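All remarks here apply to the structure that follows.
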Amino acid sequence: MNDPLNINMNESSKTESAPNDDLKGDPAGSADARRVRSPHRALFATLVIGIATAQVLGMTLRTPTLLEANDISRWCTVWSLLERKSYVIDDCPWQARTQDKVFDVKGSKPRTDKTVKTDDAQSQKHFYSTKPPLLPTLIAGILYPFRSALGVPLDHETLQKRLTRKTLKDPNRPPSPDNLVVETPEAVHWPVFVFYLKPIVVFWNVVPYLLFLIYFARLLDERAEGDASYMLALAAAAWGTQLFIFNETLNNHSIGAYSAFFSLYAYLRIQAGSKRPIHFVIAGFMGAFCACNELPAALFGVILFLLVLSRDFKRTLIWFAPAAAIPCAAFLATQYASAGTLVPRYAKFGTEAYEFEGSYWQTPLEMDELHERKPMYLFHMILGHHGILSLTPIFLFSILGAFRALFRRDLGLRAFSAMTIVLTLVLIAFYTRMSNNYGGSTQGLRWLFWLYPFWLALLPAGLGVIERNRFVRSLALVCLFFSVFATCYGVRTPWSHPWVLDALEHLGLYDLVR
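To convert, note that position 249 of the sequence shown is 248 in numbering that gives the first Met the number 0; the numbers rise steadily by one, no gaps.
Shown next, in the form of structure tokens:
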């Protein structure tokens, strides 16, 4: 039986796709710096990118816009900014559907001076989203001109009359002339918010996903050691991670991941010798924007700044640093405008701000009160029911690639590999210590999604061994199969448990009450 990835190439194509550890110049635009993509690679990339983007777009349009508490919390802030010019979400018609909110005051504590009675302090409290306000503020800014021009509120509903049709008198009986009645069903309520909010999800998720795949394919042009590793790595990026399904809904994790990738791509251009200001601007801006969406990614921003600074001191200060300051300043400004303090509202978890009367957090589900022993918790984070390697086993080759890259002549790739190893170990240790519920009912460890671009960028180095070993190539295909399987299992909604946990529970091997 022929190996489906054992593609025969002539000598020129082999030379064309060989790795170049000493890439110099500006790879972003010059033909001598980046190899010309072979015809079969170009066809494969076009098919994968086109099909995957079409799938994501269809899934996004089909998925309910107000999906779960996580995204509804942000949509409430968007509604309040547009309809009430306030971060207070008391009046939002969707507010009751999210537990990601606090009943709190603007500022550190209620006013209790002589002009305000102590009994009135409670009246100063309002509902606010617990999500950082930068992203909802940006969305509200995008929608503002459309809302102003149309004059239609986000929560408005239109009525559509339905046609008269035959229906069953008794649904329990089969269709027959005496069991049919002609009637006009009630009018359909069409919520206007879909037309406002659905394009926003496409803008923040689908478009960056498309660009991510395009530029990841370009990265593979430089790094993939052969056609097999090129195709496997691109397929893994398209379908082999939970980013594919999280594109369906508004969330900070996919946005943080794509921001990290664009920053990394620009950084690798700089490490390869680029002096173009645009690469320093993108590296700085996107790296900081990643941290604004995933606060632990601030460590990445610091390391990235030091690496770029060591590469080009002058351009880092002139271009990188000011670009990075823009999202940071916006984050702090919106945080203060929303809360009257620079401390995020979710830092009040466990206080009365969360545990108001009727709050979910007064009687949380058992999963949110889970207290597993830390060694067991760490096991399930890596190899267990929410495990990085059990749900995306293709990343086993990223681990191999990280260590292979440490011994390459390419100093930029070595520095990138070292940074990835440090960030991975620190983040796993941090969430093992600080979390206890695996991120809730979700397909995978969503807090670590922003590291996926790092691991994907190391895949070519790890998959290089499959070009010379059929057994390892078969193993890589099996890993890709189960990675895509885990992704497709969560297509219905990303806010559900992974297949490993469902299987363990159905087999009676492990119970995790939802």
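Glycine is no exception: its CB is placed at the ideal position from the N, C-alpha and C atoms. Values in this document were obtained by computation on a predicted structure and should not be read as measured data.
Starting from residue i, trace the alpha helix (DSSP H) in both directions and tell me its first and last residue.
i    : result
V421 : 410-433
E504 : 498-505
D70  : 68-82
L303 : 297-310
E221 : 206-222
K373 : 373-381
V483 : 469-488
F284 : 276-292
Specify, as a first and last residue, the run of the beta strand (DSSP E) that residue i falls within.
i    : result
H125 : 125-128
K197 : Element bounds for K197: not the beta strand (DSSP E) but the alpha helix (DSSP H), 192-200.
Q514 : A question about residue 514 goes unanswered here, because the residues of the chain that appear run from 0 up to 513.
T166 : 164-167
L179 : 179-182
Can you tell me whether residue i is buried or exposed, with buried defined as 16 or more other CB within 10 angstroms of its CB?
i    : result
S16  : Confidence in S16 is poor, its pLDDT being 41 and thus under 50, which makes the residue's placement too unreliable to answer from.
M375 : exposed
W203 : buried
E182 : exposed
Y143 : exposed
D501 : exposed
M285 : buried
L390 : buried
L516 : Because the chain in this structure spans residues 0 to 513, residue 516 falls outside the shown range and cannot be described.
F211 : buried
K100 : buried
Q159 : exposed
M433 : exposed
Take residue i as the anchor and find which of the options has the nearest alpha-carbon.
i    : options                : result
I138 : R472, I254, V47        : I254
V499 : P452, G443, L303, F145 : G443
G463 : R222, P173, I269, Y264 : R222
F243 : Y359, V205, S309, R403 : V205
C327 : V151, L134, F415       : L134
S495 : A324, S440, H252, S416 : S440
F261 : W449, P321, V477       : W449
Y353 : I48, H125, L395, F43   : H125
L508 : L457, R432, G383       : G383
T362 : G349, R372, E371, K373 : G349
L42  : Y257, I213, G489       : I213
F215 : E351, V201, A235, I199 : A235
L457 : I398, T492, K274, A148 : I398
T423 : L218, L405, I387, A404 : I387
Looking only at its own chain, which residues have a Cβ that is under 7 Å from the Cβ of residue i, when we skip the five neighbours before and after it?
i    : result
K197 : L60, T64
T486 : W238, G239, T240, Q241, F243, I244
H155 : V191
N178 : L167, K168, D169, R172
V55  : V205, Y208, F243, N246
A475 : L231, F396, L462, I465
A401 : S416, T419, I420, L457
F355 : F102
Under the assumption that residue i contacts residue j (Cβ atoms under 8 Å), give the Cβ distance between them as a whole number of angstroms.
i    : j    : result
F330 : C289 : At roughly 11 Å, the Cβ-Cβ gap does not stay under 8 Å, so F330 and C289 are not in contact.
P295 : L426 : 6 Å
S72  : S79  : Going by Cβ atoms, the distance from S72 to S79 rounds to 11 Å, so no, they are not a contact pair.
T248 : D409 : 38 Å between Cβ atoms; not a contact.
Between which residues of its own chain and residue i is the CB-CB distance below 6 Å, once the five residues before and five after are set aside?
i    : result
H278 : A265, R268, I269
A287 : G300, A323, P326, C327
A27  : Any answer about A27 is weak, because its pLDDT of 39 lies below 50 and its placement is not dependable; what the coordinates show is given next. Cβ within range, chain order: R268.
D89  : H125, F126
Leaving aside the five residues before and after residue i along the sequence, list all residues of the same chain whose C-beta is less than 8 Å from its C-beta, in chain order.
i    : result
L81  : A139, L142, Y143, R146, L153
Y195 : L142, F145, R146, L153
D25  : Confidence at D25 is low in this model, with a pLDDT of 40, below 50, so its placement is unreliable and the value that follows should be read with caution. Hits under 8 Å: A32, R268, A271, G272, S273, K274, R275.
Y335 : L341
W446 : H252, E293, P295, L426, Y430, S434, G438
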